[in-house]
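First comes the structure, then the notes that go with it.
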Amino acid sequence: MIETNPCNKPVNGGSSVPSRVSRQTKPDDTIVNINGVQVGGSEIVIIAGPCAVENREQLFETARSVKAGGAKILRGGAFKPRSSPYNFQGLGEEGLKLLSLIRKETGLPVVTEVMDTRQVELVASYADMIQIGSRNMQNYPLLKEVGMCRKPILLKRGMMATVEEFLLAAEYILHQGNDQVILCERGIRTFETSTRNTLDLSAVPMLKRLSHLPVIVDPSHGTGVRWMVPPMAKAAVAVGADGLIIEVHYKPEEALCDGYQSLNLDEFDRLISDLIKIAQAIGREISVPKPLI
Ligand code: PEP
Ligand code: MN
Numbered sequence: 074m075i076e077t078n079p080c081n082k083p084v085n086g087g088s089s090v091p092s093r094v095s096r097q098t099k100p101d102d103t104i105v106n107i108n109g110v111q112v113g114g115s116e117i118v119i120i121a122g123p124c125a126v127e128n129r130e131q132l133f134e135t136a137r138s139v140k141a142g143g144a145k146i147l148r149g150g151a152f153k154p155r156s157s158p159y160n161f162q163g164l165g166e167e168g169l170k171l172l173s174l175i176r177k178e179t180g181l182p183v184v185t186e187v188m189d190t191r192q193v194e195l196v197a198s199y200a201d202m203i204q205i206g207s208r209n210m211q212n213y214p215l216l217k218e219v220g221m222c223r224k225p226i227l228l229k230r231g232m233m234a235t236v237e238e239f240l241l242a243a244e245y246i247l248h249q250g251n252d253q254v255i256l257c258e259r260g261i262r263t264f265e266t267s268t269r270n271t272l273d274l275s276a277v278p279m280l281k282r283l284s285h286l287p288v289i290v291d292p293s294h295g296t297g298v299r300w301m302v303p304p305m306a307k308a309a310v311a312v313g314a315d316g317l318i319i320e321v322h323y324k325p326e327e328a329l330c331d332g333y334q335s336l337n338l339d340e341f342d343r344l345i346s347d348l349i350k351i352a353q354a355i356g357r358e359i360s361v362p363k364p365l366i
């Protein structure tokens, strides 16, 4: 018998869950390997870094600090999907080059967004994981293209996508032969305007029940409010997220993009020490580098 929710929709793997992403097809959790960093196992993986790569000092200072604080993967956009064409659009390939330089120094794998099928090859040649942003979750040619490349994919939930549409987008990637996909809840558009988006944490246990793919949460875009990032990050870990992607900037007040929702370096460190306790309480862990004394 298929379990139903009050709206009578199948919630436990009925026809609304596409087959390749379905836990019915593959009961065990998928572990995504990003150059040696495993997402979907017992460790909760922290991805951190600036919204956009702006310059060498900004990226390198931020990356060194988040690494020391416990981040395992570095984020940073080189091609930015901005609402206004007059806003900073990212450094493009120069940003990708800076990401690969700091990866060499810190050893942190990097994740960065691709927005266009014509740039998949270029981005894949620098990135350890390719991000498909919220605005492109239903860009089917782009999903097919990244499905054909042999890099892990971080797929962000479309801001107007249902859980079913989100899983169908992931199915496009798996269908092309790439099963290294991480799902990211990043907030949806609702009638509420006090936050940038409504972070749908109920999607985390739902996605984990319906699918074998790892699920992470982005509390930065999910709230759009710096002070709300720590409480929602903690809640995300408590509801079973396999990781977090957090915007961190060494000088948020000077950021060219999303500074108002970026943690500074100290705020990031404090958050990680709180998250470690929550992870332990639910039988998981977050590891941080040993202090160099
Ligand atoms: C981002 O993570 O840089 C980003 C633009 O997020 P989203 O696609 O979720 O808006
Ligand atoms: Mn951002």
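Numbering-wise, the sequence shown is residues 74 to 366 according to my numbering.
We treat Cβ as the ideally placed atom computed from N, Cα and C, and that holds for glycine.
Per DSSP, cross-strand counterpart(s) of N106: Q111
Going by beta-carbon coordinates alone, are G33 and H294 separated by less than 8 Å? In the structure as shown, the chain begins at 74 and stops at 366. Residue 33 is therefore absent and cannot be evaluated.
Outcome for E127 when other beta-carbon atoms lying within 10 angstroms are tallied against a minimum of 16: buried
Under a three-way DSSP split, which group does W187 fall into? Position check: residue 187 holds Val in this sequence, whereas Trp was assumed. Coil.
Considering Cα atoms alone, identify which of V219, M210 and I349 is closest to I203. V219
Could you have a look at A125 and say whether DSSP puts it in helix, strand or coil? A125 falls in the strand class under three-state DSSP.
Whole angstroms is fine: what's the gap from R93's alpha carbon to P100's? Each residue's Cα considered, the two are about 11 Å apart.
What's the gap between the Cα of C222 and the Cα of N270? 31 Å
Can you tell me which of the three DSSP states K229 falls into? strand
Is H294 close to the ligand MN? I mean its beta-carbon at under 7 Å from any heavy atom of the ligand. yes
Just checking my contact of G150 with G163 at CB under 8 Å: how many whole Å lie between their CB atoms? 6 Å
Classify I368 as helix, strand or coil using the three-state DSSP reduction. The first residue shown for the chain is 74 and the last is 366, placing residue 368 beyond what the model contains.
So is N160 buried or exposed if we call it buried at 16+ other beta carbons inside 10 Å? exposed
Are there any heavy atoms of the ligand PEP lying less than 7 Å away from the beta-carbon of R269, as far as the coordinates show? no
Span separating the alpha-carbon of S115 from that of E178: 27 Å
Backbone CA spacing between D274 and S95 [nearest angstrom]: The sequence shown places Leu at residue 274, not Asp. The straight-line gap from Cα to Cα measures roughly 20 Å.
Can you list the alpha helix (DSSP H) stretches of 4 or more residues lying completely in the segment 213-295, in chain order? With a minimum length of 4 residues, the continuous alpha helix (DSSP H) runs that stay inside the segment 213-295 are 213-220, 236-248 and 276-283.
Heavy atom of the ligand MN within 7 Å of E320 beta-carbon: yes
Taking its Cβ as the centre, do 16 or more other Cβ atoms sit within 10 Å of Q97, making it buried, or is it exposed? exposed
Please tell me whether V310 and A352 are closer than 8 Å, where the distance is taken between their beta carbons. yes
Between the C-alpha atoms of G86 and L283, what's the straight-line distance to the nearest angstrom? In this predicted model, G86 has a pLDDT of only 46, less than 50, meaning its place in the structure is not dependable enough to derive any value.
Specify, as a first and last residue, the run of the beta strand (DSSP E) that M202 falls within. M202 to I205
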